[in-house]
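>
There are 2 protein chains.
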Amino acid sequence: MDITNETHSQHISRQFNQELEQLKTQLMAMGGLVEKQVQDAVEALLEGDSRTAERVRDSDNAVNDMQIQIDEECTRVLARRQPAASDLRLVLAVIRATSDLERVGDEANKIARNALTLIESDRHSRGMVEIRHLSEHVRKMLRDALTSFARFDTRLALQVLHEDESVDNEYTTATRSLVTFMMEDPRAITSILSVMTILRALERVGDHADNLAEHVIYLVKGLDVRHTDPGELDESLGK
Amino acid sequence: MDITNETHSQHISRQFNQELEQLKTQLMAMGGLVEKQVQDAVEALLEGDSRTAERVRDSDNAVNDMQIQIDEECTRVLARRQPAASDLRLVLAVIRATSDLERVGDEANKIARNALTLIESDRHSRGMVEIRHLSEHVRKMLRDALTSFARFDTRLALQVLHEDESVDNEYTTATRSLVTFMMEDPRAITSILSVMTILRALERVGDHADNLAEHVIYLVKGLDVRHTDPGELDESLGK
């Protein structure tokens, strides 16, 4: 049974409805924060701004605290309200989503740490164009995944699932050309490894956006699609 | 309020109690499966056994199906039984644990794929000793984490949390020496990158074992310790 924003506002208990809305709002705030961290970490690298990179590196406490707070709130709602059907799925989807967002925060942290290494080594490194492209791509995925969650929009969630494939290809191509550069210039190996770590972190941000989109489909349609091919989903969701 | 196996068997509804036990049993089966996959993938590499590596590479469906099945069972228990307190925490801990175990399965798959590349390149590569050591270390962590879950044993869970630090050090040391080899012999870069990917996958298995141990402490003590230093935990859990 599909749910929409309307269904959720028909709760007899207005208080309960507010609690569910509150969970969503908190999740969006957490999403906004980690999205910003990924963006700041990448821009710090591209602009050689070590102060910003340090700030991102040192700021994962805020994300962790948000995860713990939202999860506690979810547990309270489960215990007090004993939600069923779509309400239960919403709470479970929020719990899963905080776990993905927290890991996005970890990846932003990893990007910031490697950005600092690269900035300090003061060596104009290969791969900056690839980092910029991949970062724009996965940040759009993450933003769309969060929007699809906020709006219970499975069509947008499906788009995110389809994007992930092209992110994977982009990542593989970039990595391959970096291996060639390493062979040509072994002195650049250390810095290229840092670039590869950043690319991998970005690719994983894409994976987490992908997971978020799956949570949205679970939440709205009641389908667990975590291990289903996006092509099959187009059919079963009647795109 | 602490829970023990005894508390769980005092449920008035014997049926409910059986359902909770069943969840734990299924989780242990899933844990046993992914533990075996990690072991098989590493042994396939060390013995040059490409058939076994292919089998692990192609077997992640079984793990994925188990995750979906256990999570559905958890959702049913939440909806039907509306558990509170320690029962609710058990169900939530199982949901979190399946997510970690599924990712361990992904890492085993990654190890198997890179093992195949290394076996096919027919090149005696560096780093095999490091892979063997790290693999033994993280497999022990994973086994202990699962045992601590089965027995609600926070003392063992704490041990696992402490182990993770030494796994991280082992991983960093191994990676550093591999970078040196790459610089000395650029022709070995591709195979050493595969070795590094395998080491990183093993290190992540350790991270997931660490997460499992945190779920055990949450489940037994009601404390969310996901972002707490193990040293502080020794004090607060009165080790």
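The listed protein sequences derive, respectively, from chains A and B. Everything in the first sequence is counted per full-length UniProt numbering, starting at 1 for the first residue and increasing by one. Everything in the second sequence is counted per full-length UniProt numbering, starting at 1 for the first residue and increasing by one. Note that beta-carbon positions come from the ideal geometry of N, C-alpha and C, so glycine has one too.
Could you work out which residues of chain E lie near N109 of chain B, taking near to mean beta carbons separated by less than 9 Å?
Of the protein chains in this structure, namely A and B, none is chain E.
> Whose CA, out of A:L90, A:N64 and A:M141, lies closest to the CA of E35 of chain A?
Ranking A:L90, A:N64 and A:M141 by Cα distance to E35 of chain A puts A:M141 first.
> Run through DSSP, which three-state label would Q82 of chain B get?
Reduced to three states, the DSSP call for Q82 of chain B is coil.
> Are the beta-carbon atoms belonging to D100 of chain A and N211 of chain A less than 8 Å from one another?
Yes, the Cβ-Cβ distance between D100 of chain A and N211 of chain A is below 8 Å.
> Whose C-alpha, out of B:M128, B:R143 and B:D144, is nearest the C-alpha of E43 of chain B?
E43 of chain B has its Cα closest to that of B:M128, out of B:M128, B:R143 and B:D144.
> What's the call for L46 of chain B, buried or exposed, on a 16-neighbour Cβ count within 10 Å?
Exposed: under 16 other Cβ atoms inside 10 Å.
> According to the neighbour-count rule (16 or more other Cβ atoms, all chains shown, within 10 Å of its Cβ), is G105 of chain A buried or exposed?
By the 10 Å Cβ count, G105 of chain A comes out buried.
> Report yes if the C-beta distance between S177 of chain B and L116 of chain B is below 8 Å; otherwise report no.
No, they are not a contact pair.
> Going along chain A, which residues have a C-beta under 8 Å from A84 of chain B?
Here the neighbours are A79.
> Establish whether the CB of N114 of chain B and some CB of chain A are separated by less than 8 Å.
No, because no Cβ of chain A sits closer than 8 Å to the Cβ of N114 of chain B.
> So what does DSSP say about D185 of chain A, is it helix, strand or coil?
D185 of chain A: coil per DSSP, three-state reduction.
> Report the rounded CA-to-CA distance for residue 241 of chain A versus M182 of chain A, giving the unit in angstroms.
This structure gives no information on residue 241 of chain A, because the portion of chain A shown stretches from 1 to 239.
> Which residues in chain B sit within 8 Å of E163 of chain A, going by Cβ to Cβ distance?
The contacting residues do not exist; E163 of chain A stays about 20 Å from chain B at best.
> Could you give the first and the last residue of the continuous alpha helix (DSSP H) run that contains T228 of chain B?
Premise fails: T228 of chain B is in no alpha helix (DSSP H) and is neither H nor E.
> DSSP three-state label for residue 241 of chain A, please.
Shown here, chain A extends from 1 to 239; a query on residue 241 of chain A therefore has no answer.
> Could you tell me if the beta carbon of L27 of chain B falls within a distance shorter than 7 Å of some heavy atom in the ligand ADP?
Questions concerning the ligand ADP fall outside what the structure shown contains, since it holds no ligand whatsoever.
> What do you get for R139 of chain B, buried or exposed, if any count of 16 or more other CB atoms within 10 angstroms of its CB means buried?
R139 of chain B should be labelled buried.
> Using alpha carbons as the reference points, say which of B:Q159, B:G48 and B:A84 lies closest to F16 of chain B.
The option with the nearest alpha carbon to F16 of chain B is B:A84.
> Which of the residues in the stretch 205 to 231 of chain B, read from start to end, lie with their CB under 9 Å from any CB of chain A?
Under the 9 Å Cβ criterion, the stretch 205 to 231 of chain B contributes D224, R226 and H227.
> Please say whether T147 of chain B and V220 of chain B have beta carbons closer to each other than 8 Å?
No, Cβ-Cβ distance for V220 of chain B and T147 of chain B is not below 8 Å.
> Just verifying my parser: in three-state terms, what is the DSSP assignment at R176 of chain A?
Here R176 of chain A sits in helix by DSSP.
> Measure the Cβ-Cβ separation of V77 of chain B and F149 of chain B and say whether it is below 8 Å.
It is not a contact, given that the beta carbons lie outside the stated cut-off.
> Mind listing which residues of the stretch 48 to 63 of chain B have their C-beta closer than 7 Å to chain A's C-betas, in chain order?
The residues in question: there are none.
> Once DSSP output is grouped into helix, strand and coil, what is the label at D49 of chain B?
Coil at D49 of chain B, not helix or strand.
> When we look at the beta-carbon of R80 of chain B and count the other beta-carbons within 10 Å, is it buried (16 or more) or exposed?
Counting Cβ neighbours within 10 Å, R80 of chain B comes out exposed, since fewer than 16 surround it.
> Is there a Cβ of chain B sitting closer than 8 Å to that of E72 of chain A, yes or no?
Judged by the 8 Å Cβ criterion, E72 of chain A is in contact with chain B.
> Taking a contact to mean a Cβ-Cβ separation below 8 Å, would you say A201 of chain B touches E107 of chain B in this structure?
Against a cut-off of 8 Å, the Cβ pair of E107 of chain B and A201 of chain B comes out as a contact.
> Using CA coordinates, which residue listed in B:G231, B:L233 and B:G222 is at the minimum distance from S86 of chain B?
Measuring from the Cα of S86 of chain B, the nearest candidate turns out to be B:G222.
> Pairs of beta-carbons, one from the stretch 156 to 172 of chain B and one from the stretch 188 to 206 of chain B, closer than 8 Å: are there three or more?
Segments in contact, yes.
> What do you get for Q18 of chain B, buried or exposed, if any count of 16 or more other CB atoms within 10 angstroms of its CB means buried?
Flag for Q18 of chain B reads exposed.
> Would you say D189 of chain A reaches chain B, if we count a Cβ-Cβ gap shorter than 8 Å as a contact?
Looking at the sequence provided, one finds Ile at residue 189 of chain A rather than Asp. Taking Cβ atoms only, chain B reaches closer than 8 Å to I189 of chain A, which makes this a yes.
> Using a Cβ-Cβ distance cut-off of 8 Å, determine whether N92 of chain B contacts chain A.
Per the sequence presented here, residue 92 of chain B reads as Leu, with Asn not at that position. With 8 Å as the cut-off, L92 of chain B counts as an interface residue toward chain A.
> Quick one: list the residues of chain B neighbouring residue 250 of chain A, beta-carbon separation under 9 Å, in chain order.
Within the shown structure, residues of chain A are numbered from 1 to 239, placing residue 250 of chain A beyond reach of any answer.
> I believe M66 of chain B touches M30 of chain B by the beta-carbon criterion, under 8 Å. Please report the beta-carbon distance rounded to the nearest angstrom.
M66 of chain B to M30 of chain B, Cβ: 4 Å. Contact.
> Beta-carbon of L88 of chain A versus every beta-carbon of chain B: anything under 8 Å?
So yes, L88 of chain A belongs to the interface.
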